[in-house]
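Participant:
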């Protein structure tokens, strides 16, 4: 458990130098009484005791304050120890993928936004990116930068929601209010640009739907200046908090290879020491031009996951700042009128624009038959979108490879053999969003 | 991604070890794909994972699609990543629908399940056929009569859970949505839909469901 | 408001008397009609159930209890995890067919008096998801007292809905809509409570209205759709 994984794996993704876990935390120190509560130290040997033990199967959820959504867990407990665990999902299955098959391509965007309802820009980007690959449309540089800004703001938003709710689960109740205070600032920015706090429908195939308004840049710079200070305050509150440490250190360690086998991606994988981030591995949007690091952990316990996500927040602020500084002028959406609505000012003067507008709004654009799988790095891991087009104006199949769905398979490995309280902590650190799990 | 010649090289190498496994290659929109015979899918995946120089060890996504009315109808897609070289590869296995084998069986089965036969439409069946609500078995409604030829036949393919444990939930999802049976899966049950749900919703000939919005002019029809 | 300040000053000086004093007392002191007091107490100390289904759950309950849209100002910050201890359930999110029996069971476990708010388009009517997997409106399996439109509704919208619910609980659901929508000839149903029978006059008026809307010749002035 104490190996230092300053990995330098030879993948071609560029500088993956992380913010490694500082040395003192490699081995579980004695911090108070409640040091390593992981499987090695915490597993109780039933044969040693003389108490009659039997397994009790209980049901946690789907309505439960700590399950981060409607997740049902059927756990076999031996006292307080979790012997087996089976997640039952599907309680918020919305049939989005089926609904998408009966909508025009641009109407699919609000549907897929609502899958993973905390990182909605990412779903929009996955779908719009997939369709852009299908129709081979290039988006202008300003749109790429704007998309990057909003994606990273959404990443910060998602991590703030995660931090607030997970700290709430672990007992640090006031973190909820602090994190959501910042979250409201981000939502103000979204509302300024797109008109709605959540589910903004801001990305369209070809770029973004509207340029950022006047005053947005100033407000964003205020936010950029303030956010690292706040993150520092969060760290002050939690980093050396005894209760938080004892609940997260050594808890829920899964070996890196096992995580890779299970298809886990995102901060969970990076906390275990694997520097795999799709932003660096596959170039998309404006990330190749940004200079940022990927935080990588060493041990892969709950504390590492917390540190990785908090560090990611800081890195995202840097990315936003760089993107804002380098925001190029130009159109915010592609010019191709076959796929992109013409600006409204043209509708009264140009007949062709009117016809294009009419066709796009009523029937939508047709996409030639083909299929494409496009994936990006969402706050939870690899979010992939598979679009199958059959030549008509509606997609024939839209499938999302949701990171929470796949990461949930690691939950068994994390929680079996630990106490129930650790299971709740692990669930928090796993960061599932059940809308994405269930779609 | 392996480019087009690289893809052909991979195909050639697989042919040496497992002749007849790769049926086709595709390079659509810059994304390499291998179309593989479903009976040999495990062999191909194992080769891709373990052969020296290949190393596609990360299964990023396993999903299914319904290509109706094209035959073969179902496809299981495996999205593989080689993390050392940062390359993606897609492996497709196309499956036929055994219940649509002959004219008699097609009429009986699809008549029972859907109330119409897909061939009648004379074209691509639309994804939302009418607005019937999805069927859900309830204790009080009688279950539909079994077809004359026994249990409903479902397309089958080997499960790759041994090779890629990440496929566990994803194969269950493909089973849940399309009815594709993965032989060898430890627990092939419905995952997202209720356990007693009847029907495979994401098949193209299954109706979207839902109900029409009642406006004043048609309020009489609905109460 | 200036009036109230002046009258408060007069009260302190002992200058109010007669009618003015009565009016002042009315404004400041709750009248002792028992139901009214009960309604006031219930509406200002709601114990919502911590129940979030999907996207609306991030806006409420989570965002509502945070500092900007403070639910505690309305007395409802004591969110309860157990339905036995809660008296209000906010259905925030889409109700899938798998979840519907669970929600119904939760609602049944709550003790009377209880209220249900259907927040957002998905739980009010199925929202944008008109498909096999979503129940088209939670009305189909449980009584809902208040619907809040939006996708997701802003927290302010939820608070507005919440104040309407408070007024409904206090037995005063009239929000001035009668004047705004020219609702002459109609009557409020909810005066007796959320699940009471309509008064005979209200039932007759509704029947009349239904008859009129079905037969365009009967509507004075022509069809209502014109």
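Residue numbers (our numbering), protein chains in the order written: chain V, 43 to 481; chain U, 8 to 230; chain D, -17 to 208.
Built from N, CA and C at the ideal position, the CB exists for glycine as well.
What residues in the segment 154 to 172 of chain V bring their beta carbon closer than 9 angstroms to a beta carbon of chain U?
Facilitator: When C-beta distances to chain U are compared with 9 angstroms, every residue of the segment 154 to 172 of chain V stays at or above that value.
Participant: Would you give the residue range spanned by the alpha helix (DSSP H) that residue 227 of chain V belongs to?
Facilitator: 216 to 236
Participant: Taking just the CA atoms, how far does residue 102 of chain U sit from residue 45 of chain U?
Facilitator: If you draw a straight line from the Cα of residue 45 of chain U to the Cα of residue 102 of chain U, it comes to about 7 angstroms.
Participant: Shorter than 8 angstroms from the beta carbon of residue 140 of chain V to some beta carbon of chain D?
Facilitator: yes
Participant: Between residue 43 of chain U and residue 474 of chain V, what straight-line distance do the alpha-carbon atoms span, to the nearest angstrom?
Facilitator: Cα-Cα distance, rounded: 34 angstroms.
Participant: Given residue 543 of chain V, which residues of its chain have a CB within under 7 angstroms of its CB, disregarding the five upstream and five downstream residues?
Facilitator: The requested residue 543 of chain V is not part of the displayed model; chain V covers only 43 to 481.
Participant: How is residue 199 of chain V classed by DSSP in three states: helix, strand or coil?
Facilitator: helix
Participant: In chain V, which residues lie less than 8 angstroms from residue 70 of chain U when you measure between Cβ atoms?
Facilitator: 428, 441 and 443
Participant: Does residue 136 of chain U get closer than 8 angstroms to chain D when you measure Cβ to Cβ?
Facilitator: For residue 136 of chain U, the predicted model reports a pLDDT of 33, less than 50, meaning its position is unreliable; a value from the coordinates is still stated below. No, no contact with chain D.
Participant: What is the rounded straight-line gap between the Cα of residue 163 of chain V and the Cα of residue 479 of chain V?
Facilitator: 17 angstroms
Participant: In the segment 240 to 264 of chain V, which residues sit with their C-beta less than 9 angstroms from some C-beta in chain D, listed in chain order?
Facilitator: Residues passing the 9 angstroms Cβ filter: 240 and 241.
Participant: Nearest by alpha-carbon distance to residue 459 of chain V: which of V:122, V:230 and V:312 is it?
Facilitator: Residue nearest to residue 459 of chain V within the set V:122, V:230 and V:312 is V:122 (criterion: CA-CA distance).
Participant: Compute the Euclidean distance between the alpha carbons of residue 51 of chain D and residue 222 of chain V, then round it to the nearest angstrom.
Facilitator: 11 angstroms
Participant: Under a three-way DSSP split, which group does residue 382 of chain V fall into?
Facilitator: coil
Participant: Which residues of chain U have a Cβ atom closer than 7 angstroms to the Cβ of residue 424 of chain V, listed in chain order?
Facilitator: 67
Participant: Look at the alpha carbon of residue 172 of chain V and the alpha carbon of residue 27 of chain U, and state the distance between them as a whole number of angstroms.
Facilitator: Cα-Cα distance, rounded: 32 angstroms.
Participant: How far does the alpha helix (DSSP H) with residue 145 of chain D in it reach, from first residue to last?
Facilitator: 137 to 151
Participant: Assign residue 128 of chain V to buried or exposed, taking buried as 16 or more other Cβ atoms, counted over all protein chains shown, within 10 Å of its Cβ.
Facilitator: exposed
Participant: Along chain A, in chain order, which residues have C-beta atoms closer than 9 angstroms to that of residue 318 of chain V?
Facilitator: No chain A is part of this structure, whose protein chains are labelled V, U and D.
Participant: Quick one: give me the first and last residue of the alpha helix (DSSP H) that residue 32 of chain U is part of.
Facilitator: Run containing residue 32 of chain U: none in the alpha helix (DSSP H); it sits in the beta strand (DSSP E), 29 to 35.
Participant: Which residues in the same chain as residue 144 of chain U place their Cβ atom closer than 8 angstroms to its Cβ, once the five residues preceding and following it in sequence are excluded?
Facilitator: Only weak support exists for where residue 144 of chain U lies, its pLDDT of 37 falling under 50; the coordinates are left without a value.
Participant: Is there a C-beta anywhere in chain U that falls below 8 angstroms from the one on residue 85 of chain D?
Facilitator: no
Participant: For a contact meaning CB atoms closer than 8 angstroms, what does residue 35 of chain U contact in chain V?
Facilitator: 412, 413 and 414
Participant: What's the call for residue 75 of chain D, buried or exposed, on a 16-neighbour Cβ count within 10 Å?
Facilitator: buried
Participant: In the DSSP assignment, what residue or residues form a beta bridge with residue 412 of chain V?
Facilitator: V:431.
Participant: For residue 33 of chain V, I'd like the list of residues in its chain whose CB is within less than 6 angstroms of its CB, leaving aside the five on either flank, ordered along the chain.
Facilitator: Limits of chain V in this structure are 43 at one end and 481 at the other, which puts residue 33 of chain V out of reach.
Participant: Within 8 angstroms of any Cβ in chain V, is that where the Cβ of residue 138 of chain D sits?
Facilitator: Not an interface residue.
Participant: Run through DSSP, which three-state label would residue 321 of chain V get?
Facilitator: helix
Participant: Going along chain D, which residues have a C-beta under 8 angstroms from residue 168 of chain U?
Facilitator: Near residue 168 of chain U there are no residues of chain D at all, since even the closest Cβ is about 24 angstroms away, more than 8 angstroms.
Participant: Should residue 331 of chain V and residue 372 of chain V be called a contact, given that it needs their Cβ atoms to be closer than 8 angstroms?
Facilitator: no
Participant: Within 8 angstroms of any Cβ in chain U, is that where the Cβ of residue 378 of chain V sits?
Facilitator: Under the Cβ distance rule, residue 378 of chain V does not count among the residues neighbouring chain U, no pair being separated by less than 8 angstroms.
Participant: I'd like to know if residue 29 of chain U contacts chain V, where contact means its C-beta is closer than 8 angstroms to some C-beta of that chain.
Facilitator: no
Participant: Got a sec: which bits of the segment 105 to 128 of chain D sit with their beta carbon under 7 angstroms from any beta carbon on chain V, in order along the chain?
Facilitator: 110, 111, 113, 114, 115 and 116
Participant: Considering just the uninterrupted stretch of the beta strand (DSSP E) at residue 99 of chain V, what are its terminal residues?
Facilitator: The continuous beta strand (DSSP E) containing residue 99 of chain V extends over residues 98 to 102.
Participant: Contact between the segment 75 to 83 of chain U and the segment 192 to 201 of chain U: three or more CB pairs below 8 angstroms?
Facilitator: Contact fails: fewer than three Cβ-Cβ distances are below 8 angstroms.
Participant: When you compare only the Cα positions, how much space is there between residue 55 of chain D and residue 107 of chain D?
Facilitator: 29 angstroms
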